[in-house]
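Q:
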């Protein structure tokens, strides 16, 4: 195992006055945790200062100013002492003490089943427990024969590449773009940013300690992933501007024959012992087939294929779609355009988030970089409120008397609160309130982060929200039920072909089975990772692994990458040429998956979304508790697989 996570990146040399200034904006619950590490004294956990249970996007524990001042005073004394003794720490708190600390900052008893997962996430001993160890020695000659192809250099592909490199397993990464970053490289539209707080939307073992915003914008995210690839020496293993167009499993040799096409249209055929698909779910833009679209003489572009050479200043702009990208795009460009028409198919529920656009202060970054374990516990504050706690509000209660508006009583309470939030922003404009209030239950579609900018944009005099469908386009604009709208630019904020997994690759498994023919419109995989008849093929961010109720997709990818790495290592250690998921294992899992999904809000009749296929079945999103999926992906169960010699 590799020790890589330090208590703090830098030693403290700051003056007393500088320390006091840096502590002024600290998250006091996280600071209390650091106090215990700094002093070894747990009395602060047992006094009268007790933070409330953390809420999503709230990190201060609901403490009074007097309580905050007391804790900062204790921290100032402790940090001065820590600095003056040479930045040494007392013995680490015992497991019993860490659990007490965990319960304190969580504002509730952390259930026993969550403790191992959260301890692993905290990594207080500096050990990266998601690095799967070899169970027996393996020779260099053996490893040299096990070349792995990773398809995609986005977040998951980079993580898988790093784990293979750590294990000494030969690998190549092919990436259709000219750089790493995946969806963050491709999406360049104005206002593009992440909607999971960055101190959680980052690898657990390698956090960025100098984010400029709590929810970073696209360029900073690309820099994080590019820096990760460079630091870990992954770039020499990459082939950019290269796309996999076909992969065929050879029944005679038990390896994969892969056809790649480069940007110059030349093709290569190479054999690999295993394939890891890290192509993601949101990488093939979807533009509706609207009559007359090809006739439009103005500019058209999808939000994921942004043309930065086009100036929108003073233009008449139509934005088709009101989902996540539109939420970010519209408020950003609205002030500069002459007129904007936003076409909304259905409104989105919004999570109030006052810090969505807030910068991270110099003082906060200093704390993360210098105060032992502050950054680790701050990450806990982000993770815990979204760790399965909301799932009960998403379960369909068949006895609930108001299924038209909610799926259960908790869900209805959420609806009331979020409706009040919408009402608070529109003033007396009841017509607008009616347009922006969803008719489906809360969380039925992707919940969006909001700091008020969306509804402010819709209330601008140059912006008009339209709820009728775009049914026809001509040379100069869009035809609606109300008439013709002249526009210069049409922006398609209409999402992706999210349900077409591994598309447009042609993937052929054992005995000539075509993957997309097998799947049809309903992709499924065991744990979202492996598929019978497709040996040594592993999916990251595969079917039913999107997270819509908790956690971070990076956390989920770390679980999947650990499992895939365990599979590949077990394959090598057993001396087998291939491993194939047993059909009965796959079918039992898929049955449980379908039944679980059917009982959750995403399957509600009114909640049509990109989570569902053409038949209305959810195929993209995971219904499982994080703690369960984390447990299932700790390591491979060899009995789940057929091993080929």
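Residue numbers (my numbering): 44 to 688.
Glycine included, C-beta positions come from ideal geometry on N, C-alpha and C.
Computed from a predicted model, the values in this text were never measured in an experiment.
(1) Enumerate in chain order the residues of its own chain whose CB-to-CB distance from residue 664 is below 7 Å, with the five nearest sequence positions on each side excluded.
(2) Apart from the five residues just before and just after residue 203, which ones in its own chain have a Cβ nearer than 7 Å to its Cβ?
(3) To the nearest angstrom, how far is the alpha carbon of residue 262 from that of residue 361?
(4) Since residue 280 and residue 191 should fall inside the 8 Å C-beta cutoff, what is the C-beta to C-beta distance between them, to a whole number of angstroms?
(5) Please specify which runs of the beta strand (DSSP E), each continuous and at least 3 residues long, are wholly inside the region 539 to 598, giving them in chain order.
(6) Any idea if residue 531 is buried or exposed, counting beta-carbon neighbours within 10 angstroms, 16 or more meaning buried?
(7) Following the continuous beta strand (DSSP E) through residue 509, name the residue where it begins and the one where it ends.
(8) Alpha carbon to alpha carbon, what distance is there between residue 636 and residue 225?
(9) What's the call for residue 323, buried or exposed, on a 16-neighbour Cβ count within 10 Å?
(10) Going by Cα to Cα distance, which pick from 149, 569, 108, 74 is closest to residue 95?
(11) Under 9 Å, do residue 399 and residue 257 count as touching if we go by C-beta distance?
(12) Short check: CB of residue 329 to CB of residue 534, under 9 Å?
(13) What do you get for residue 666, buried or exposed, if any count of 16 or more other CB atoms within 10 angstroms of its CB means buried?
(14) In chain order, what residues of the same chain lie with their CB nearer than 6 Å to the CB of residue 336, ignoring the 5 residues before and after it?
(15) How big is the Cα-Cα spacing for residue 72 and residue 673?
(16) In three-state terms, what does DSSP make of residue 626?
(17) Using only the alpha-carbon positions, how far apart do residue 218 and residue 282 sit?
(18) Report, in whole angstroms, the separation of the C-beta atoms of residue 449 and residue 484, which I expect to be a contact under 8 Å.
(19) How many angstroms separate the CA atom of residue 443 from the CA atom of residue 118?
(20) For residue 80, which residues from the same chain have a beta carbon less than 6 Å from its beta carbon, with the 5 sequence-adjacent residues on both sides left out?
(21) Is the beta carbon of residue 542 less than 9 Å from the beta carbon of residue 368?
(22) Label residue 482 either buried or exposed according to how many other C-beta atoms from any shown protein chain fall within 10 Å of its C-beta, with 16 as the threshold for buried.
(23) Just the C-alpha distance for residue 392 and residue 557, rounded to the nearest angstrom, thanks.
(24) Using C-beta distances below 6 Å, list every residue in its chain close to residue 576, excluding the 5 sequence neighbours before and after it, in chain order.
(25) Which residues share a DSSP beta bridge with residue 320?
(26) Helix, strand or coil for residue 72 per DSSP?
(27) Report the three-state DSSP secondary structure of residue 49 (helix, strand or coil).
(28) Using C-beta distances below 6 Å, list every residue in its chain close to residue 222, excluding the 5 sequence neighbours before and after it, in chain order.
(29) Taking only three categories from DSSP, how would you classify residue 54?
(30) With a threshold of 16 other CB atoms inside 10 Å of the CB of residue 288, please say whether the residue is buried or exposed.
(31) Can we say the region 416 to 431 touches the region 236 to 246, given the rule of at least three CB pairs closer than 8 Å?
(32) So, with DSSP's three-state summary, where would you put residue 132?
(33) By DSSP, does residue 676 sit in helix, in strand, or in coil?
(34) Let me know if residue 571 comes out buried or exposed under the rule of 16 or more other beta-carbons within 10 Å of its beta-carbon.
(35) Any idea if residue 473 is buried or exposed, counting beta-carbon neighbours within 10 angstroms, 16 or more meaning buried?
(36) Look at residue 670 and residue 640 and say whether their C-beta atoms are less than 9 Å apart.
A: Let's see:
(1) Cβ neighbours of residue 664 beyond the five flanking positions: 587, 589, 591, 645, 654.
(2) Counting only Cβ-Cβ distances below 7 Å, and skipping sequence neighbours, we find 193, 319, 321, 583, 604, 607.
(3) Taking the straight line joining both Cα atoms gives about 25 Å.
(4) Actually they do not touch by this definition, with Cβ atoms about 10 Å apart.
(5) As far as the region 539 to 598 is concerned, its whole beta strand (DSSP E) runs of at least 3 residues are 549 to 551, 580 to 582.
(6) Answer is buried; the Cβ neighbour count reaches 16.
(7) Per DSSP, residue 509 belongs to the beta strand (DSSP E) from 506 to 509.
(8) When only Cα atoms are considered, residue 225 and residue 636 end up about 28 Å apart.
(9) Its Cβ being crowded by 16 or more others within 10 Å, residue 323 is buried.
(10) Each of 149, 569, 108, 74 was checked against the Cα of residue 95, and the nearest Cα belongs to 149.
(11) Yes, Cβ-Cβ distance for residue 399 and residue 257 is below 9 Å.
(12) In this structure, residue 329 sits away from residue 534, with a CB-CB distance that is not shorter than 9 Å.
(13) With 16 or more neighbouring CB atoms inside 10 Å of its own CB, residue 666 falls in the buried class.
(14) The residues are 516.
(15) Rounded to the nearest angstrom, the two C-alpha atoms are 26 Å apart.
(16) In the three-state reduction of the DSSP assignment, residue 626 falls in the helix class.
(17) The straight-line gap from Cα to Cα measures roughly 6 Å.
(18) The distance from the Cβ of residue 449 to that of residue 484 is about 5 Å, consistent with a contact at the 8 Å cut-off.
(19) CA-CA distance, residue 443 to residue 118, rounds to 49 Å.
(20) Correct list, in chain order: 415, 416.
(21) No. Outside cutoff.
(22) The residue in question, residue 482, is exposed, as its Cβ has fewer than 16 Cβ neighbours within 10 Å.
(23) Residue 557 has its alpha-carbon roughly 39 Å from the corresponding atom of residue 392.
(24) So the qualifying residues of the chain are 552, 553, 556.
(25) Paired residues: 194, 582.
(26) Correct three-state label for residue 72: helix.
(27) Correct three-state label for residue 49: coil.
(28) Scanning its chain for C-beta atoms nearer than 6 Å, with the 5 sequence neighbours on each side dropped, one finds around residue 222 the residues 228, in chain order.
(29) Assignment of residue 54 by DSSP, reduced to helix, strand and coil, places it in the coil class.
(30) The residue in question, residue 288, is exposed, as its Cβ has fewer than 16 Cβ neighbours within 10 Å.
(31) They touch, by the three-pair rule.
(32) The answer is coil: DSSP assigns residue 132 none of H, G, I, E or B.
(33) DSSP places residue 676 in the coil class of the three-state scheme, outside both helix and strand.
(34) Counting every other CB atom within 10 Å of its CB across the protein chains shown gives residue 571 a total of 16 or more, marking it as buried.
(35) So residue 473 ends up on the exposed side.
(36) No, the pair does not count as a contact, with Cβ atoms beyond the cut-off.
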